[in-house]
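Novice: Chain order of the listed sequences is F and U.
Numbered per full-length UniProt numbering, the first sequence spans residues 1 to 258.
Numbered per full-length UniProt numbering, the second sequence spans residues 1 to 258.
Number of protein chains: 2
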Amino acid sequence: MTSKARQGEDGGSQTVRALLRLREMILSGQLPAGERIAEPAVAEATGISRTPIRAALIRLQEEGLIEPIRSGGFRVRAFSAAEIRDAIEVRGVMEGLAARLAAERGVGRAALSVLQGCVREIDDLLASGELDEARFAAYVEANARFHDALAGASGSEVVQRQVVRANALPFASANGFVRVQAASADARRTLTIANAQHAAVIEAIAQREGGRAEALMREHARIAHRNLEHVLDNPAVIGLIPGGCLIQGPRDAAPVRK
Amino acid sequence: MTSKARQGEDGGSQTVRALLRLREMILSGQLPAGERIAEPAVAEATGISRTPIRAALIRLQEEGLIEPIRSGGFRVRAFSAAEIRDAIEVRGVMEGLAARLAAERGVGRAALSVLQGCVREIDDLLASGELDEARFAAYVEANARFHDALAGASGSEVVQRQVVRANALPFASANGFVRVQAASADARRTLTIANAQHAAVIEAIAQREGGRAEALMREHARIAHRNLEHVLDNPAVIGLIPGGCLIQGPRDAAPVRK
DNA sequence: TACACAAATTGTGTATACAGCTATGGCAAA
DNA sequence: TTTGCCATAGCTGTATACACAATTTGTGTA
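(1) Can you pull the chain F residues whose beta carbon is under 8 Å from the beta carbon of Asp186 (chain U), in chain order?
(2) With the cut-off set at 8 Å, would you say Ile84 (chain U) and Phe171 (chain U) are in Cβ contact?
(3) Are the segment 93-112 of chain U and the segment 177-187 of chain F touching by the rule of at least three beta carbon pairs closer than 8 Å?
(4) With 16 other CB atoms within 10 Å as the buried threshold, where does Asn234 (chain U) fall?
(5) Compare the C-beta of Ile193 (chain U) against all C-beta atoms of chain F and say whether one is closer than 8 Å.
(6) Mind pulling the chain F residues with CB within less than 7 Å of Ile58 (chain U)?
(7) With DSSP run on the structure shown, which of helix, strand or coil describes Arg120 (chain F)?
(8) Taking Cβ positions only, does Gln248 (chain U) come closer than 8 Å to chain F?
(9) Please report the distance separating the alpha-carbon of Glu130 (chain F) from that of Arg21 (chain F).
(10) Output yes if chain U places a C-beta closer than 8 Å to the C-beta of Glu209 (chain F); else output no.
(11) Can you give me the Cβ contacts of Pro50 (chain F) inside the same chain, cut-off strictly under 6 Å, excluding the 5 residues immediately before and after it?
(12) How would you call Glu229 (chain U), buried or exposed, if buried means at least 16 neighbouring beta carbons within 10 angstroms?
(13) Taking only beta-carbon atoms, is Ala87 (chain F) less than 8 Å away from chain U?
(14) Looking only at C-alpha atoms, which of F:Ala204, F:Phe79, F:Asp186, F:Leu60 sits nearest to Gly73 (chain F)?
(15) DSSP on Gln248 (chain F), reduced to helix/strand/coil?
(16) Which same chain residues end up closer than 8 Å to Val159 (chain U) when comparing Cβ atoms and leaving out the 5 residues on each side of it in sequence?
(17) Locate the alpha helix (DSSP H) running through Phe136 (chain U), then write down its first and last residues.
(18) Within 8 Å (strictly less), CB to CB, does Val201 (chain F) reach chain U?
(19) Starting from the C-beta of Gly8 (chain U), find all residues in its chain whose C-beta is less than 8 Å away, skip the five residues before and the five after it, and write them out in chain order.
(20) Let me make sure I understand the geometry here. Which of F:Arg226, F:Gly210, F:Gly29, F:Ser113 has the alpha-carbon closest to that of Thr190 (chain F)?
(21) When DSSP labels each residue in this structure, what does Ile48 (chain U) get in the three-state scheme?
(22) What does Val93 (chain F) reach in chain U if we use C-beta pairs closer than 7 Å?
(23) Does any CB atom of chain F fall closer than 8 Å to the CB of Val159 (chain U)?
(24) Helix, strand or coil for Ile88 (chain U) per DSSP?
(25) Going by other Cβ atoms of all chains shown within 10 Å of its Cβ, with 16 needed for buried, is Arg70 (chain U) buried or exposed?
(26) What residues in the segment 128-156 of chain U have a beta carbon less than 8 Å from any beta carbon of chain F?
(27) Between the segment 24-35 of chain U and the segment 24-34 of chain F, can you find at least three pairs of beta-carbon atoms closer than 8 Å?
(28) Who are the Cβ neighbours of Arg188 (chain F) in its own chain at under 8 Å, not counting the five residues just before and after it?
(29) Taking Cβ-Cβ distances shorter than 7 Å, what residues in chain F pair up with Glu121 (chain U)?
(30) Output, in chain order, the set of chain U residues within a Cβ distance shorter than 7 Å of Gln162 (chain F).
(31) Can you tell me whether Val76 (chain F) is helix, strand or coil according to DSSP?
(32) Along the alpha helix (DSSP H) that carries Ile202 (chain U), what are the first and last residues, could you check?
(33) Would you call the segment 210-225 of chain U and the segment 114-123 of chain U in contact, with 3 or more CB pairs under 8 Å?
(34) For Ile223 (chain U), which option in U:Gln116, U:Pro68, U:Gln197 has the closest C-alpha, if you only look at C-alpha atoms?
(35) Please report the Cβ distance between Ala81 (chain F) and Leu232 (chain F), rounded to the nearest whole angstrom; I am assuming they are in contact, meaning their Cβ atoms lie under 8 Å.
(36) Measuring alpha carbon to alpha carbon, tell me which of F:Ala103, F:Gly244, F:Glu214, F:Ala168 ends up nearest Glu62 (chain U).
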């Protein structure tokens, strides 16, 4: 019972807790980019012993958020603008693959209507007035649901897995830059265009137009490219995006590592 | 000194040793697909304590070779023909991306000549006589070198990383089915075609034809599709491919799990 | 004041001990 | 003979201890 209660609270095992907690500490900048992650320190800060923390670190390395140090241990990665652009491109390619497979192999009526439901929700949201915090949260949620459903529509666990993986880096993910969009002036315009692409992909899938579906999802991901440029030009908004503290300023020399 | 000597022998830390050893045990069928991997048993068999073995298991899970069991621990994965096809498709897409980026961004003279060197080597190999064991090993090596160099030519560490990842599953990798090809009658023909594709990709990259480069690498990966079909039709050769024991027979019902 | 060297502290990698849980086999009862 | 339950054995997840390595700090000297 106790274990089940704890499971409900924060996700089961110490390892999972450590993973969530560490990710949070990295993305919030509590563990600064480029710096070694000292296991004993994290252990004390979280109240979790070193063993599960170690397991979480391995997973975070596979995820790409941290990198091994030659002399042992890990360090928080810093990402150049070019790397982020590439990560976004990879996501676009993977989601493009998912969309193409969905179109080529066909998807059931149910899956299609889930996708359509997301688009509808977002359309209603955009039509219903100002983009306040609540509506914005709803948008983020619906958008994530659309992208998840699309990965599932590929009909391939292998592909779905890779799509999830491509979304692992926070600033590469589908919702990575939306908070920046919200802050910008033409938020509604961009989101409207994005949702039109959602709708077009669904149409392409329904009509078995694989090439079109793929191209659309690739282009869709490139919205994030434009948002990234915006962030690089206005470093003030960098705090809005998750893991923003991991982004190396475009003019920063690589930090000297002793 | 002792530690450095051991490092030379089999790759450094106990964790690395455990990773290599476990992968070998899985791919050789020593740990049967579908069966739970008992850590104490592996620990005793390898002489490595449970801690590094555990670390290796986590890495193998991220790699996709093993999957977690609900009640704890891991089990060796079994792969259906459909999953293998999808994994090959994913590799094709990722290598296609690498080739496109190489073409779009341009590659240096040096990188280009590395690629050309591989193609030349393979051509010479194919022209030089019977495909004996030695020549065949040289082919495998040169082929791997080509694919590595191509991933590097993308100019993006992020992309390179994903390509490597897509090649992690042994039967999805570029050299996964070559031994099958060697056994088949028209080995020379297939390898000749494959190398023509290599050459064409280089040409496309040199001429900055991104779309062509991408399409070529996708098609190139599909050679593995044909080889897979061949294997499924001739289960006798399944022992030739690494990790063949992980392939579920096409007509096999899922093995009963008690 | 700067630099080199030594000592101490800190941290990783690994082994091991232990608690809780799962699964399996046997035993009893119907 | 079959079915249900209980006990036992084994395994996982976690904590902790320890050795070796690295880094940092402090000290002495040029």
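The beta carbon of each residue, even a glycine, is placed where N, CA and C say it ideally should be.
Computed from a predicted structure; not experimentally measured.
Specialist: Here's the rundown:
(1) In the second sequence, counting from the first residue as 1, residue 186 (chain U) sits at position 186. Simply none; closest approach about 28 Å.
(2) One-based indexing of the second sequence puts residue 84 (chain U) at position 84. One-based indexing of the second sequence puts residue 171 (chain U) at position 171. Yes, Cβ-Cβ distance for Ile84 (chain U) and Phe171 (chain U) is below 8 Å.
(3) Because the criterion of three Cβ pairs below 8 Å is not met, the segment 93-112 of chain U and the segment 177-187 of chain F do not touch.
(4) Numbered from 1 along the second sequence, position 234 holds the residue referred to as residue 234 (chain U). Asn234 (chain U) counts as exposed, since fewer than 16 other beta carbons sit within 10 angstroms of its beta carbon.
(5) Locating residue 193 (chain U) in the second sequence gives position 193, counting from the first residue. Chain F places no beta carbon closer than 8 Å to that of Ile193 (chain U), leaving this residue out of the contacts.
(6) Looking up residue 58 (chain U) in the second sequence gives position 58. For Ile58 (chain U), the neighbours in chain F by C-beta distance under 7 Å run, in chain order, Ala55, Ile58, Arg59.
(7) As a position in the first sequence, residue 120 (chain F) is number 120, starting the count at 1. Secondary structure at Arg120 (chain F): helix, using DSSP grouped into helix, strand and coil.
(8) For the purposes of this step, residue 248 (chain U) is taken as residue 248 along the second sequence, with counting starting at 1. With 8 Å as the cut-off, Gln248 (chain U) does not count as an interface residue toward chain F.
(9) Locating residue 130 (chain F) in the first sequence gives position 130, counting from the first residue. Locating residue 21 (chain F) in the first sequence gives position 21, counting from the first residue. In this structure, the alpha-carbon of Glu130 (chain F) lies about 34 Å from that of Arg21 (chain F).
(10) What you label residue 209 (chain F) is simply residue 209 of the first sequence in a count that begins at 1. At a cut-off of 8 Å, the C-beta of Glu209 (chain F) has no neighbouring C-beta in chain U.
(11) As a first step, residue 50 (chain F) must be located in the first sequence, where it is residue number 50. Residue 50 (chain F) is actually Arg in this sequence, not Pro. When the five nearest sequence neighbours on each side are left out, the beta carbons in the same chain lying within less than 6 Å of the beta carbon of Arg50 (chain F) are those of Glu39, Ala43, in order along the chain.
(12) Your numbering for residue 229 (chain U) matches position 229 in the second sequence. By the neighbour-count rule (16 or more Cβ atoms within 10 Å), Glu229 (chain U) is not buried but exposed.
(13) Mapped onto the first sequence, residue 87 (chain F) falls at position 87. Chain U, which has a Cβ nearer than 8 Å to the Cβ of Ala87 (chain F), makes this yes.
(14) Sequence index remark: in the first sequence, residue 73 (chain F) carries index 73 (1-based). Nearest option by C-alpha distance: F:Leu60.
(15) As a position in the first sequence, residue 248 (chain F) is number 248, starting the count at 1. In this structure, DSSP gives Gln248 (chain F) a state outside helix and strand, which the three-state scheme calls coil.
(16) Position 159 of the second sequence holds residue 159 (chain U). The residues Met94, Leu97, Ala98, Leu101, Ala151, in chain order, have a CB closer than 8 Å to that of Val159 (chain U) in the same chain once the five nearest residues on each side in sequence are set aside.
(17) Numbered from its first residue, the second sequence carries residue 136 (chain U) at position 136. Per DSSP, Phe136 (chain U) belongs to the alpha helix (DSSP H) from 133-153.
(18) To locate residue 201 (chain F), count along the first sequence from 1; it is residue 201. The beta carbon of Val201 (chain F) does not come within 8 Å of any beta carbon belonging to chain U, so the residue lies off that interface.
(19) Numbered from its first residue, the second sequence carries residue 8 (chain U) at position 8. Model confidence at Gly8 (chain U) stands at a pLDDT of 38, short of 50, so the residue's coordinates are unreliable and nothing is read from them.
(20) Here the question's residue 190 (chain F) lines up with position 190 in the first sequence. Ranking F:Arg226, F:Gly210, F:Gly29, F:Ser113 by Cα distance to Thr190 (chain F) puts F:Arg226 first.
(21) The residue labelled residue 48 (chain U) in the question sits at position 48 within the second sequence. Three-state result, Ile48 (chain U): coil.
(22) Position 93 of the first sequence holds residue 93 (chain F). Those within 7 Å of Val93 (chain F) in chain U are Val93, Leu97.
(23) Locating residue 159 (chain U) in the second sequence gives position 159, where the first residue counts as 1. With a threshold of 8 Å between beta carbons, Val159 (chain U) makes contact with chain F.
(24) Taking the second sequence and counting its residues from 1, one reaches residue 88 (chain U) at position 88. Helix at Ile88 (chain U).
(25) Position 70 of the second sequence holds residue 70 (chain U). When all chains shown are included, Arg70 (chain U) counts as exposed.
(26) Answer in chain order: Ser156.
(27) No, because fewer than three Cβ pairs between the segment 24-34 of chain F and the segment 24-35 of chain U fall closer than 8 Å, the two stretches do not touch.
(28) If you number the first sequence from 1, residue 188 (chain F) lands on position 188. Leu126, Leu131.
(29) In the second sequence, counting from the first residue as 1, residue 121 (chain U) sits at position 121. Here the premise fails: no neighbours, minimum Cβ distance about 30 Å.
(30) If you number the first sequence from 1, residue 162 (chain F) lands on position 162. Within chain U, the residues placing a beta-carbon under 7 Å from that of Gln162 (chain F) are Val90, ordered along the chain.
(31) For the purposes of this step, residue 76 (chain F) is identified with residue 76 of the first sequence, where counting begins at 1. Strand, per DSSP.
(32) For the purposes of this step, residue 202 (chain U) is taken as the residue at position 202 of the second sequence. Annotation: the continuous alpha helix (DSSP H) that includes Ile202 (chain U) extends over 187-206.
(33) The segment 114-123 of chain U and the segment 210-225 of chain U do not touch, with fewer than three beta-carbon pairs separated by less than 8 Å.
(34) Taking the second sequence and counting its residues from 1, the one referred to as residue 223 (chain U) is at position 223. Comparing Cα positions, the closest option is U:Gln197.
(35) Your numbering for residue 81 (chain F) matches position 81 in the first sequence. Your numbering for residue 232 (chain F) matches position 232 in the first sequence. Contact holds; Cβ gap of about 6 Å.
(36) The residue labelled residue 62 (chain U) in the question sits at position 62 within the second sequence. Closest option to Glu62 (chain U), Cα to Cα, is F:Ala168.
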